[in-house]
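In the numbering used here, the protein residues as written are 7 to 192.
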Amino acid sequence: MSSSPHVVLPWSVRRTRLPLLSLRCVDCRSESATTGDGRFRVNANGKLLDVWLLVRCVSCDRTSKLTLHERTPVSSLDPATLHGYHVNDPVLVAATLVDPALARRGRFTLDWTDAWRLDTPTERPGGAWPLRVEVTFEDPVPVRPDRLIAHGLGLSRHEVLRRVKGDVPLRRPRSTDFTFTVLSEG
Ligand SMILES: [Zn+2]
């Protein structure tokens with residue numbers, strides 16, 4: 007490539023709190039639930055375990071359980087993970103909640119509104135074009151690249167579509183790493 011970018015900026019997308027769950031309450035029909043501080047429930051029946059993640063309705067506080075393990079032999083669970091369930095390890099709560107497999111099984115989607123932020127370097131080299139940006143996702147927050155780029159660079163979305171060359175579709179939400187190049191204005 008003749009115009010190989012010489013400036014590479016690292017951006018990262020990360021959560022600022024746990025996302026809510028878009029999950030209909032069977033009592034009050036509200037469609038929003040929270041994991042609150044994050045609690046698991048472990049039920050032992052002989053050598054078999056049931057493990058749930060507890061969530062509660064944000065309007066009526068009704069608690070419901072999302073199944074993580076059902077009649078699972080204790081011996082088949084990783085001891086560190088099992089310990090995490092018992093002590094309500096916040097890292098394990100977060101990892102469990104954002105695992106897409108749980109949302110699929112529990113038939114809910116995650117509501118990431120106001121639950122994440124974009125970190126960009128405070129120093130932005132001026133006048134150095136083209137600019138290469140590497141976006142990494144610390145958490146699987148679904149974002150539309152064109153909106154993220156417009157926000158991160160202070161450009162209009164129209165300008166983004168004109169000046170940004172990416173290796174991914176810019177209008178399709180994604181939650182995995184990607185890179186893009188910003189061409190000079192002219
Ligand atoms: Zn409710």
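Every residue, glycine too, gets a C-beta built ideally from N, C-alpha and C. None of these values were measured; they are calculated from a predicted model.
For G112, the uninterrupted alpha helix (DSSP H) run begins and ends at 106-112, by DSSP. When C-beta atoms of the segment 17-27 are compared with those of the segment 51-58, fewer than three pairs fall below 8 angstroms, so the two segments do not count as touching.
The shortest C-alpha to C-alpha distance from L74 to any of G172, L108, W17 is the one to L108. Shown here, A121 sits in coil according to DSSP, grouped into three states, outside any helix or strand. With contacts defined by Cβ atoms closer than 9 angstroms, E140 and P16 form a contacting pair. Counted as a single uninterrupted DSSP element, the beta strand (DSSP E) harbouring A39 occupies residues 39-51. Across the structure, C63 and T40 are spaced so that their CA atoms are roughly 6 angstroms apart.
Chain-ordered, the residues whose CB falls short of 6 angstroms from any heavy atom of ligand 1 come out as C31, D33, C34, S36, C63, S65, C66, R68. Per the coordinates, the alpha-carbon of E76 lies some 30 angstroms from the alpha-carbon of T182.
Using a Cβ distance threshold of 9 angstroms, V19 and R138 do not count as a contacting pair. DSSP, read as helix, strand or coil, puts G160 in coil.
Counting along the chain, L55 sits inside the beta strand (DSSP E) bounded by residues 54-63. DSSP lists W17, F184 as the beta-bridge partner residues of V141. CA-CA distance, C66 to S38, rounds to 10 angstroms.
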